[in-house]
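The next block holds one structure in the form of structure tokens; read it before the comments.
In our numbering, the protein residues as written are 919 to 1259.
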């Protein structure tokens, strides 16, 4: 896939967020010209600290502003769009559903409508969705032919955005691919309340890691290392050369599932902190218990497979946070309200 992005004019929404910053860096390294729309950013973020901010063309604004999007895409001759901007924290979406719907749903149709208006120039559109778009399906693993029926505010917002993206492809012929991701993890995620960074941070402070538990059973999740997630976006970009991929959705994850306790214990082993007993905490609001996806379609159609094992990805992640947290910068920094998924 080397150099297929060279000289492309790319818009990345959500580039200041965790996933978006890793993707933007890769695109820049491959020779693409990258434009971003910034509504909010954290000075301690990977986007700022790694110098991505200085390398991209930043436009201050929001994806809620359709006129800005339409003018930006037209004036800059954007040929490729990666749409990652979203309220990506489930708890925040639960507390502020209107914010989640405005950004995740309205923002998505604004991006797609601007692409439709400039369809003579825009040749590839990749939209970030989530395994949460499937809702609480009893069928496991999730396959792409299952309905998108999210019920919680975050899940519903991703279901709607997912359907809107595919609608624009089927109705207007836009070259859209949708990626439905498991839980993406890795260095640079400054939502330190998420399971993996929070576990690392607490162990570094000699505090017991927190294991959230439902009323019965346990949460099980599928994960994907951020570098493999970058490769999945590039795989969709490349796949859109084939018209048969237009309007299609693809699952991306490791294709397994782990309990929260198993993940915490993996991190404890990597950090040599098995001496600290995890703290079990009841879950405060409803989340789906078990989620994992089948990636067979992505493997067959796009030729994509994850490169990193869970343990390999966790080791690199632990190394990143040890340097970041012990270096200093942040123990309790703020989390941006809006960031990439």
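All C-beta atoms in this analysis are idealised placements derived from N, C-alpha and C, irrespective of residue type, glycine included.
Just how far apart, CA to CA, sit residue 1142 and residue 955? By 1-based counting over the chain shown, the position of residue 1142 is 224. By 1-based counting over the chain shown, the position of residue 955 is 37. Each residue's Cα considered, the two are about 26 angstroms apart.
Is residue 1194 near residue 1126, with beta carbons less than 8 angstroms apart? The sequence position of residue 1194 within the chain shown is 276, counting from 1. The sequence position of residue 1126 within the chain shown is 208, counting from 1. Closer than 8 angstroms, so yes.
Are the CB atoms of residue 1235 and residue 1151 within a distance shorter than 8 angstroms? Against the chain shown, residue 1151 aligns to sequence position 233. Against the chain shown, residue 1235 aligns to sequence position 317. The answer is no: Cβ separation not under 8 angstroms.
Taking the C-alpha atoms as reference points, what is the distance between residue 1258 and residue 1154? Within the chain shown, numbered from 1, the residue matching residue 1258 stands at position 340. Within the chain shown, numbered from 1, the residue matching residue 1154 stands at position 236. Here the model assigns residue 1258 a pLDDT of 39, short of 50, so the residue's position is not dependable, and the following value carries that caveat. Spanning the two alpha carbons is a distance of roughly 17 angstroms.
Cβ shell of residue 1177 (< 6 angstroms), same chain only, five flanking positions each side left out: Walking along the chain shown from the start, residue 1177 turns up at place 259. Within the same chain, residue 1177 has close Cβ partners 1136 and 1138.
Taking 8 angstroms as the cut-off, does the region 972-982 touch the region 931-949 (at least 3 CB pairs, one atom from each stretch)? yes
With DSSP as the reference, label residue 1098 as helix, strand or coil. Here residue 1098 is taken as the residue at index 180 of the chain shown, counted from 1. DSSP places residue 1098 in strand when its eight states are reduced to three.
Pull up the distance between the alpha-carbon of residue 994 and that of residue 1220, whole angstroms please. Taking the chain shown and counting its residues from 1, the one referred to as residue 994 is at position 76. Taking the chain shown and counting its residues from 1, the one referred to as residue 1220 is at position 302. Cα to Cα, residue 994 sits roughly 29 angstroms from residue 1220.
Return the first residue and the last residue of the beta strand (DSSP E) that residue 973 is part of. As a position in the chain shown, residue 973 is number 55, starting the count at 1. Careful: residue 973 lies outside any beta strand (DSSP E), inside the alpha helix (DSSP H) at 970-973.
Would you mind stating whether residue 1011 and residue 1072 have Cβ atoms separated by less than 8 angstroms? Counted from its first residue, the chain shown places residue 1011 at position 93. Counted from its first residue, the chain shown places residue 1072 at position 154. A contact, by the Cβ cut-off of 8 angstroms.
Identify whether residue 1155 lies in helix, strand or coil by the three-state DSSP scheme. As a first step, residue 1155 must be located in the chain shown, where it is residue number 237. Note: residue 1155 maps to helix in three-state DSSP.
Rounded separation between residue 1247 and residue 962 - CA only: Position 329 of the chain shown, counted from the first residue, corresponds to residue 1247. Position 44 of the chain shown, counted from the first residue, corresponds to residue 962. Here the model assigns residue 1247 a pLDDT of 42, short of 50, so the residue's position is not dependable and the matter cannot be decided.
Terminal residues of the beta strand (DSSP E) in which residue 1166 lies: Here residue 1166 refers to the residue found at position 248 when the chain shown is read from its first residue. Segment 1166-1170, the beta strand (DSSP E) holding residue 1166.
Using only alpha-carbon positions, find the residue among 1059, 1051 and 1031 that is nearest to residue 1008. Counting from one through the chain shown, the residue named residue 1008 turns up at place 90. Of the candidates 1059, 1051 and 1031, the one whose C-alpha sits nearest the C-alpha of residue 1008 is 1051.
Would DSSP call residue 1044 helix, strand or coil? Reading the chain shown from its first residue, position 126 is the one you call residue 1044. Residue state, collapsed to three classes: strand.
Can you tell me which of 937, 1119 and 1015 puts its alpha carbon nearest to the alpha carbon of residue 1048? Along the chain shown, one-based indexing puts residue 1048 at 130. When only C-alpha atoms are compared, the closest one is 937.
Determine the contact status of residue 1165 and residue 1087, defining contact as a CB-CB distance below 8 angstroms. Reading the chain shown from its first residue, position 247 is the one you call residue 1165. Reading the chain shown from its first residue, position 169 is the one you call residue 1087. Taking 8 angstroms as the Cβ cut-off, residue 1165 and residue 1087 qualify as a contacting pair.
Just mark residue 1091 as buried or exposed, buried being the case when its beta carbon has 16 or more other beta carbons within 10 Å. Sequence index remark: in the chain shown, residue 1091 carries index 173 (1-based). By the 10 Å Cβ count, residue 1091 comes out exposed.
Pull the bridge partners of residue 976 from the DSSP assignment, please. Counting from 1 along the chain shown, the entry for residue 976 is found at position 58. In DSSP, residue 976 forms a bridge with 954.
Best match in 1117, 1059 and 1122 for proximity to residue 1129 [C-alpha to C-alpha]: Mapped onto the chain shown, residue 1129 falls at position 211. Minimum Cα distance to residue 1129 is reached at 1117.
Same chain, Cβ closer than 7 angstroms to residue 971, neighbours up to 5 away in sequence not counted: Along the chain shown, one-based indexing puts residue 971 at 53. Same-chain partners within the cutoff: 965.
Give me the residue from 1173, 1240 and 1122 with the minimum Cα distance to residue 1227. Position 309 of the chain shown, counting from 1, holds the residue named residue 1227. Checked all of 1173, 1240 and 1122; the closest Cα to residue 1227 is 1173.
State whether the region 1050-1069 contacts the region 1103-1114, with contact taken as three or more CB pairs (one from each stretch) at a distance under 8 angstroms. no
Using C-beta distances below 8 angstroms, list every residue in its chain close to residue 1039, excluding the 5 sequence neighbours before and after it, in chain order. Stepping through the chain shown from its first residue, residue 1039 is reached at position 121. Counting only Cβ-Cβ distances below 8 angstroms, and skipping sequence neighbours, we find 991, 992, 995, 996 and 997.
Run of the alpha helix (DSSP H) containing residue 1117, from where it starts to where it stops: As a first step, residue 1117 must be located in the chain shown, where it is residue number 199. Looking at the DSSP string, the run of the alpha helix (DSSP H) that includes residue 1117 is 1113-1122.
Roughly how many angstroms separate the alpha carbons of residue 948 and residue 1000, rounded to a whole number? Residue mapping note: residue 948 aligns to position 30 of the chain shown, counting from 1. Residue mapping note: residue 1000 aligns to position 82 of the chain shown, counting from 1. Approximately 15 angstroms between the Cα atoms of the pair.
Does the Cβ of residue 1245 have 16 or more other Cβ atoms within 10 Å, making it buried, or fewer, making it exposed? Here the question's residue 1245 lines up with position 327 in the chain shown. With fewer than 16 Cβ atoms within 10 Å of its Cβ, residue 1245 is classed as exposed.
Count the other CB atoms within 10 Å of the CB of residue 969; is the residue buried (16 or more) or exposed (fewer)? The count along the chain shown starts at 1 and reaches residue 969 at position 51. Exposed is the call here.
Mapping the DSSP letters down to three states, classify residue 1243 as helix, strand or coil. The residue you call residue 1243 lines up with position 325 of the chain shown. Correct three-state label for residue 1243: helix.
Check whether residue 1067 and residue 1167 have beta carbons under 8 angstroms apart: Position 149 of the chain shown holds residue 1067. Position 249 of the chain shown holds residue 1167. No, they are not a contact pair.
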